[in-house]
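Visitor: In the numbering used here, the protein residues as written are 577 to 939. All C-beta atoms in this analysis are idealised placements derived from N, C-alpha and C, irrespective of residue type, glycine included.
1. Is there a Cβ of chain D sitting closer than 8 Å to that of residue 825, yes or no?
2. In the DSSP assignment, what are the bridge partners of residue 799?
3. Looking at the unbroken beta strand (DSSP E) that takes in residue 754, where does it start and where does it end?
4. For a test of the three-state rule: what should DSSP assign to residue 605, helix, strand or coil?
5. For residue 663, which of helix, strand or coil comes out of DSSP?
6. Residue 566 to residue 831, Cα distance in whole Å?
7. Among 597, 911, 698, whose alpha-carbon lies nearest the alpha-carbon of residue 673?
8. Of the choices 928, 919, 874, 888, whose alpha-carbon is the least far from that of residue 905?
9. What are the complete alpha helix (DSSP H) segments, minimum 4 residues, inside the region 810-876?
10. Return the residue from the list 711, 709, 701, 734 that minimises the CA-CA distance to residue 720.
11. Candidates 769, 685, 801: which alpha carbon is nearest residue 653's?
12. Work out the CA separation of residue 813 and residue 669 for me, nearest whole Å.
13. Nearest by alpha-carbon distance to residue 610: which of 602, 665, 582, 713 is it?
14. When burial is assigned at 16 or more other CB atoms within 10 Å of the CB, is residue 776 buried or exposed?
15. In angstroms, rounded to a whole number, what distance separates the CA positions of residue 606 and residue 577?
16. To the nearest angstrom, how far is it from the Cα of residue 771 to the Cα of residue 758?
17. Tell me the rounded alpha-carbon separation between residue 890 and residue 655.
18. Under 6 Å Cβ to Cβ from residue 927, same chain only, skipping five residues before and after it: list those, please.
19. Sort out for me which residues DSSP pairs residue 924 with in a bridge.
20. Which of helix, strand or coil does DSSP assign to residue 909?
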């Protein structure tokens, strides 16, 4: 079969042009030598040497046919005969771990489903049945179904904003959907640095595996120290691994650099964890607002400080939520210079997930 030989960085350009001209075959692009790619051509495409190829040559290679477009096409033939709505339509991937919810009536086919997914998705190492969230730490109850290499561990590494992070959905809560919120945290902390004219200390007492931290730690001259922790010991183990990597990319000393496994509400009783932070992150959505009065002592109570958090509230109470935040800030002896509450997404028919952001100041 004829293939147009093009540099790999021009593959998309030539795929687009060949598709527009009606020259593109349904076969797959080939990987050739010396960083070149082979664009599969139909018989009606121009001959080698045609000026429309702009100097690119045509080579003859065996075609690479495209595989099935969907994992269900890899199921055993007998199962493919079942109605399409038999099979799950969605799944989630963290790193190389795939999690899929299976209804009771297809559990008998779980091995076939897992094998089909492994065949379809080459970057997946292990497929797990997702049995929902369980326990106080809101972790996934996962049942490994099949593994590409025999390793059934659900510990994996993901990349977010260019940074690697250890996660384990069966041991610690993590949501990739909050990635944009973490970018927003970076911007708010940078604004605080501008206000203060110096690097800042950040406190994250509900840090989980630490997804809020890599952007902060790797931003030049942003952080001078951190106070982080979580009540889930398995999350703290992963957080420790992650901090070792991220801190190595930080220029300069980090003081304080405290990592604890503890209930955030007891931090107020420890002088090593109070009165030090310039920025406080509160990410325990079901309880953020009720815990907040016990957390404000973590902040350095002089000058301007940043409070940023997330909560689940009744949509009808959004205005009241802002009032409650102001009352809590004033109850801690500070002035609420600005308070913002923004709905991020729906949580139920009447409740929503919000981000709150406040600049507070002590005399």
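Guide: Looking at the atomic coordinates:
1. Within the model displayed, chain D is absent; a lone protein chain is all it includes.
2. Per DSSP, 776.
3. Here residue 754 belongs to no beta strand (DSSP E), and DSSP marks it neither H nor E.
4. Residue state, collapsed to three classes: coil.
5. Residue 663: coil per DSSP, three-state reduction.
6. No answer is possible for residue 566: it lies beyond the span of the chain, which begins at 577 and ends at 939.
7. Residue 673 has its Cα closest to that of 698, out of 597, 911, 698.
8. For the set 928, 919, 874, 888, the Cα lying nearest the Cα of residue 905 is the one of 874.
9. Listed in chain order, the complete alpha helix (DSSP H) runs (minimum 4 residues) inside the region 810-876 are 864-871.
10. Comparing Cα-Cα distances from residue 720 to each of 711, 709, 701, 734, the minimum goes to 701.
11. Selected option, being the one with the closest Cα: 685.
12. Their backbone Cα atoms lie some 22 Å apart in a straight line.
13. Among 602, 665, 582, 713, the Cα nearest to that of residue 610 is on 582.
14. Answer is buried; the Cβ neighbour count reaches 16.
15. The alpha-carbon atoms of residue 606 and residue 577 are separated by roughly 11 Å.
16. Taking the straight line from one Cα to the other gives about 20 Å.
17. Note on geometry: alpha-carbon atoms of residue 890 and residue 655 lie some 44 Å from one another.
18. Excluding the 5 residues flanking it on each side, residue 927 has same chain C-beta neighbours closer than 6 Å at 888, 890, in chain order.
19. The bridge partners DSSP lists for residue 924 come to none.
20. Correct three-state label for residue 909: coil.
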